[in-house]
Amino acid sequence: MLPPRGWNSYDSFSWTIDEAAFLHNAQIMADKLLPHGYQYAVIDFLWYRKNANGSGEDSYGFDSIDQWGRPFPDPERFPSSAGGEGFKHVADKVHAMGLKFGIHLMNGISTQAVNASTPILDVDTGKAYVEDGRRWTARDIGLTHRTCAWMSNGFMSVNTDAGAGRAFLRSLYRQYADWGVDFVKLDCIFGTDYSPKEIMAVSETLKELERPVILSISPGTEVTPALAENITQHVDMYRITGDDWDSWKDVRPHFDVARSFADANKIGATGLQGRSWPDLDMLPFGRLTDAGVNQGPHRSTNLTFDEQLTQMLLWSMAKSPLMFGGDLRHLNDDTLDLITHPTLLKINHHTKNNMEVNNVLLIEAWRFLLQHIVNRELTCGFLFQFGYIHSERTSEPDEQSGRSDLTNNGGTVLGLSTCNDKSAGGWHSSSKDHICRSYGIQNDNASFCMSKAKLLPTS
Numbered sequence: 001m002l003p004p005r006g007w008n009s010y011d012s013f014s015w016t017i018d019e020a021a022f023l024h025n026a027q028i029m030a031d032k033l034l035p036h037g038y039q040y041a042v043i044d045f046l047w048y049r050k051n052a053n054g055s056g057e058d059s060y061g062f063d064s065i066d067q068w069g070r071p072f073p074d075p076e077r078f079p080s081s082a083g084g085e086g087f088k089h090v091a092d093k094v095h096a097m098g099l100k101f102g103i104h105l106m107n108g109i110s111t112q113a114v115n116a117s118t119p120i121l122d123v124d125t126g127k128a129y130v131e132d133g134r135r136w137t138a139r140d141i142g143l144t145h146r147t148c149a150w151m152s153n154g155f156m157s158v159n160t161d162a163g164a165g166r167a168f169l170r171s172l173y174r175q176y177a178d179w180g181v182d183f184v185k186l187d188c189i190f191g192t193d194y195s196p197k198e199i200m201a202v203s204e205t206l207k208e209l210e211r212p213v214i215l216s217i218s219p220g221t222e223v224t225p226a227l228a229e230n231i232t233q234h235v236d237m238y239r240i241t242g243d244d245w246d247s248w249k250d251v252r253p254h255f256d257v258a259r260s261f262a263d264a265n266k267i268g269a270t271g272l273q274g275r276s277w278p279d280l281d282m283l284p285f286g287r288l289t290d291a292g293v294n295q296g297p298h299r300s301t302n303l304t305f306d307e308q309l310t311q312m313l314l315w316s317m318a319k320s321p322l323m324f325g326g327d328l329r330h331l332n333d334d335t336l337d338l339i340t341h342p343t344l345l346k347i348n349h350h351t352k353n354n355m356e357v358n359n360v361l362l363i364e365a366w367r368f369l370l371q372h373i374v375n376r377e378l379t380c381g382f383l384f385q386f387g388y389i390h391s392e393r394t395s396e397p398d399e400q401s402g403r404s405d406l407t408n409n410g411g412t413v414l415g416l417s418t419c420n421d422k423s424a425g426g427w428h429s430s431s432k433d434h435i436c437r438s439y440g441i442q443n444d445n446a447s448f449c450m451s452k453a454k455l456l457p458t459s
């Protein structure tokens with residue numbers, strides 16, 4: 001499994017998205033992003049809440065739940081869910097586009113269901129769950145002392161030590177699989193809301209399903225590699241930061257966090273579907289909304305293009321899942337080019353042992369390399385053999401060869417050359433306007449090509 005890519009409705013719609021807007025975004029995603037590996041179209045939180053006067057993120061009494069206490073799509077916002085259909089028709093349309101369908105979930109069980117003492121469905125019998133002659137209800141399994149920290153009126157954890165609690169989770173996720181759900185973002189269960197027993201119970205439940213379902217957990221507030229140590233094998237992706245909105249003060253802390261998880265070898269560690277990925281959160285580019293409002297997209301991102309570029313570079317090098325957050329109906333060419341740049345996407349999926357460079361001269365060398373690509377010059381190879389990270393500039397750029405070297409005291413070369421330079425052996429310009437590295441037949445690595453197309457737009 002590679003780091004997932006997709007689109008999530010939260011940054012542009014908060015919780016107010018409806019069926020028509022979601023499917024419109026999904027169609028654009030299929031047309032423009034699917035060819036670049038973006039395949040998960042995800043409806044974020046509160047798809048079961050009525051968008052009415054008095055309703056909001058932490059309101060009570062506005063949620064649609066079925067007779068078994070399970071959240072159900074608001075039929076006014078999602079008309080095709082009427083008659084007990086749930087998200088079946090939406091999922092069918094998304095799948096017909098060649099995409100995969102995802103939804104956001106809160107942890108545990110609805111407070112409305114607990115207060116109503118709804119029965120629990122036994123998926124094996126199709127009837128109310130009974131254990132030791134007792135008919136269990138939502139009130140018996142809801143942990144009222146473990147409500148969601150940022151939605152205390154909405155949801156609470158489930159007692160997974162009880163058979164009835166595990167039965168509720170089975171009925172919940174069996175229903176989502178029946179609807180055609182491929183991706184679940186489970187919130188209020190990690191970070192400062194850490195519920196390891198419920199994470200593992202959900203993971204075990206997903207393993208029992210006939211269809212694979214990606215498990216993503218949130219939030220990432222105060223998450224450390226040590227906290228993630230015993231959880232990563234049970235999930236596919238997990239948030240490692242708080243919500244990332246479109247301000248540099250939100251983006252900047254991600255550098256330290258990404259470094260910590262790279263140093264701890266958590267990138268691509270064993271996971272539910274094979275591997276697991278630390279998640280730096282969504283990409284808040286394009287047309288957005290604001291946190292905590294009952295409003296859809298109404299403004300442009302506050303990040304400058306250079307800040308967006310920096311964020312995309314970091315997310316790619318950290319091999320974070322790439323979940324675009326802007327309203328795709330207003331996607332412009334610059335943003336599209338950025339989130340689909342072939343070299344960045346190759347870095348995101350096909351690199352190993354990525355880590356922070358902390359040497360100023362090496363950073364300058366990389367910047368010099370990227371600038372050559374920006375200018376679409378005939379630079380051919382980036383030559384490197386690291387003995388140890390201690391470099392010094394030995395020459396200024398040579399006007400005839402076009403080469404500028406950085407060497408360490410042991411003679412290691414770090415620099416640029418043209419394809420005609422003998423030291424660039426193995427590198428060549430291809431007929432497809434690419435710069436490629438050809439390996440010998442004894443080498444197990446596949447050949448690697450890098451597009452000459454503009455990598456880092458400067459305006």
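Counted from 1, the sequence shown has number 224 at position 224 by the UniProt record's numbering; the numbering is strictly sequential. Where is the CB? At the ideal position from N, CA and C, for every residue including glycine.
Measuring straight from C-alpha to C-alpha, what distance separates residue i and residue j?
i, j, result
"G286", "G326", "5 angstroms"
"V202", "A149", "20 angstroms"
"D66", "F72", "6 angstroms"
"residue 496", "S81", "Missing from the structure shown is residue 496; the chain here goes from 1 to 459 and no further."
"I17", "R146", "28 angstroms"
"S260", "S218", "18 angstroms"
"N265", "A258", "11 angstroms"
"W245", "Y60", "26 angstroms"
"R403", "T343", "With a pLDDT of 38 at R403, under the threshold of 50, the modelled position of that residue is not reliable, and the figure given next carries that caveat. Each residue's alpha carbon lies about 23 angstroms from the other."
"N302", "E229", "35 angstroms"
"D243", "G133", "45 angstroms"
"L2", "R275", "7 angstroms"
"T270", "H95", "28 angstroms"
"T144", "N51", "26 angstroms"
"Q308", "N348", "16 angstroms"
"Q273", "D161", "25 angstroms"
"I189", "H24", "31 angstroms"
"L345", "E208", "32 angstroms"
"R239", "Q112", "28 angstroms"
"K127", "R252", "52 angstroms"
If residue i sits next to residue j, beta carbons under 8 angstroms apart, how far is it from one beta carbon to the other, in whole angstroms?
i, j, result
"V114", "R139", "5 angstroms"
"F168", "M106", "Not a contact, Cβ separation roughly 14 angstroms."
"M282", "Y10", "7 angstroms"
"K88", "G191", "No, K88 and G191 are not in contact; Cβ-Cβ is about 32 angstroms, not under 8 angstroms."
"S64", "Y48", "5 angstroms"
"W185", "S216", "Looking at the sequence provided, one finds Lys at residue 185 rather than Trp. Confirmed, Cβ separation roughly 5 angstroms."
"G292", "S12", "Incorrect: roughly 14 angstroms between the Cβ atoms, too far for contact."
From the options, pick the residue whose C-alpha is nearest to that of residue i; which is it?
i, options, result
"D58", "F305, K319, H234, W15", "W15"
"D124", "R70, L344, S171", "S171"
"I214", "A226, V235, K346, L46", "V235"
"S157", "K207, K266, F183, S195", "S195"
"D193", "G54, D334, E222", "E222"
"D279", "N294, G220, D187, M200", "G220"
"P79", "Q311, T205, D122, F22", "F22"
"G304", "T289, D334, R166", "As written in the sequence, residue 304 is Thr, which differs from the Gly given in the question. Nearest of T289, D334, R166 to T304, Cα basis: D334."
"N85", "D178, A41, G98, S117", "Per the sequence shown, residue 85 should be read as Glu rather than Asn. E85 has its Cα closest to that of D178, out of D178, A41, G98, S117."
"R5", "F62, T340, L313, T289", "T340"
"D187", "K352, E356, M1, F45", "F45"
"residue 460", "H36, L34, G69, L322", "Because the chain spans 1 through 459 in this model, residue 460 falls outside it and cannot be assessed."
"D337", "F13, P3, S12, H36", "H36"
"D92", "Y38, G108, Y176, A164", "Y176"
"G108", "S152, K127, Q295, D182", "S152"
"L288", "R239, L328, L309", "L328"
"A116", "P212, V184, M355, G69", "G69"
"L331", "S110, S300, T205", "S300"
"M200", "I231, V251, D182, D256", "I231"
"F324", "T118, A20, A26", "A26"
For the alpha helix (DSSP H) that contains residue i, what are its first and last residues?
i, result
"D250", "248-251"
"A21", "19-28"
"A116", "111-116"
"D178", "163-179"
"D306", "305-317"
"I347", "342-350"
Beta strand (DSSP E) containing residue i: first to last residue?
i, result
"N153", "151-158"
"I339", "Taken as a continuous stretch (DSSP letters only), I339 belongs to no beta strand (DSSP E), being part of the alpha helix (DSSP H) at 333-339."
"R275", "274-279"
"W7", "5-8"
"F147", "Looking at the sequence provided, one finds Thr at residue 147 rather than Phe. That run of the beta strand (DSSP E) goes 142-148."
"M323", "322-324"
"A41", "40-43"
Of all Cβ atoms in chain B, is any one closer than 7 angstroms to the Cβ of residue i?
i, result
"T160", "Of the protein chains in the structure, only one exists, and it is not chain B."
At which residue ranges does the stretch 52-99 contain complete alpha helix (DSSP H) runs of 4 or more residues, listed in the order of the chain? Whole alpha helix (DSSP H) segments, 4+ residues: 88-96.
Taking only runs that begin and end inside the stretch 183-271, name each unbroken alpha helix (DSSP H) of 4 or more residues, in chain order. As far as the stretch 183-271 is concerned, its whole alpha helix (DSSP H) runs of at least 4 residues are 196-207, 225-228, 248-251, 254-263.
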